[in-house]
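Numbering (the numbering used here), first residue to last: 1143 to 1435.
Backbone N, C-alpha and C define an ideal beta-carbon position, used for all residues, glycine too.
Structure, as structure tokens:
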Ligand SMILES: Cc1cc2nc3c(=O)[nH]c(=O)nc-3n(C[C@H](O)[C@H](O)[C@H](O)COP(=O)(O)OP(=O)(O)OC[C@H]3O[C@@H](n4cnc5c(N)ncnc54)[C@H](O)[C@@H]3O)c2cc1C
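Quick look at the structure:
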């Protein structure tokens, strides 16, 4: 690991940049310099900076040289994605392996140029807002590996955020994302409105998966994300239609949508009536596309 002051100054203040080559280097640097900010692709840290001098924290740790964080591993029932793998590489390597909804989610993000830098780990670690990947990772039951000097823990994505903030402890880094491989014959992702980094309130991310067999719903999961809100996911709502026959009757659909609307009002008071209406239309569209055989 080396610290370089050559790449400074940025503006009037100097930035120290650490370049760890191994995970152990990284973890000991994190321990010694808890103030140093990890940087993966840098697309979030540097977005919206148009002035002559970049605004950078006092210390940065680059993650991109650490081979272990750039690996993708495949076992029988899951794929492990290193936190520092760019989205484009996940798209090409995972094309025939990863759930289609995850690929669709990544393809909806930014441009191919940005996706060649932007990492999945960086997207997950953005604090205080719901990004496009979060609802999808939630319903797929993905898990996150965090490591710090002397310890590692796996956290389900479903328990990884409180009030939009990632529960990452001081000194920790996100090292791997584990994606379970299951058979979902219905996979549906939509992002409506502007992108989640624009800072506007008009983003809606909807992700749903279902398993159906012989025109019966055997499993259904869906999640809704919007800027600055916690993800909406309600297991009780998800189980309401399990065991029901496809096509669902208009009575079943109307009852479900009324229930969901009330639920969204209670649990997502910040979601505008317009966004609520869009969420209900997306659910309606999902139901009308369930395979009836
Ligand atoms: C034009 C544009 C359009 C975009 N559109 C979308 C969109 O539609 N949907 C969407 O979801 N996103 C969108 N994004 C955001 C983009 O997905 C993120 O900027 C990107 O994924 C972040 O990854 P990165 O590697 O560049 O992270 P960085 O910018 O390097 O880091 C992001 C944050 O995560 C922290 N961090 C990074 N890696 C780790 C780690 N391993 N452990 C701990 N902390 C870490 C950093 O300290 C920083 O706080 C867009 C970005 C741009 C520039």
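Does the beta-carbon distance from residue 1329 to residue 1374 come in below 8 Å? A distance of 8 Å or more separates the beta carbons of residue 1329 and residue 1374.
Among 1435, 1235, 1162 and 1423, the one whose alpha carbon lies nearest that of residue 1208 = 1162
**Message:** Short of 6 Å in beta carbon distance, which residues of its chain neighbour residue 1230, apart from the five on each side in sequence? Order them along the chain.
**Reply:** Same-chain partners within the cutoff: 1257 and 1258.
Practice prompt. List the residues that DSSP assigns as beta-bridge partners of residue 1364.
Written response: 1350
Q. Comparing alpha-carbon positions, which option in 1428, 1177, 1221 and 1366 lies nearest residue 1359?
A. 1428
Spatial neighbours of residue 1505 within its chain, please: CB distance less than 7 Å, with the 5 preceding and 5 following residues excluded, ordered by chain position.
Residue 1505 is absent from the model: the chain starts at 1143 and stops at 1435.
- Query: residue 1389: which of 1354, 1415, 1414 and 1408 sits nearest, CA to CA?
  - Reply: 1354
Buried versus exposed, by CB contacts within 10 Å (16 or more), residue 1238
exposed
Quiz item: Looking at residue 1247 and residue 1275, is the spacing between their C-beta atoms short of 8 Å?
Solution: Yes, these two residues count as a Cβ contact at 8 Å.
Legend entry - Element boundaries [beta strand (DSSP E), containing residue 1215]: 1214–1216
Own chain residues within Cβ distance below 7 Å of residue 1183, not counting five before or after: 1228, 1259, 1260, 1261 and 1264
For residue 1299, three-class secondary structure by DSSP:
helix
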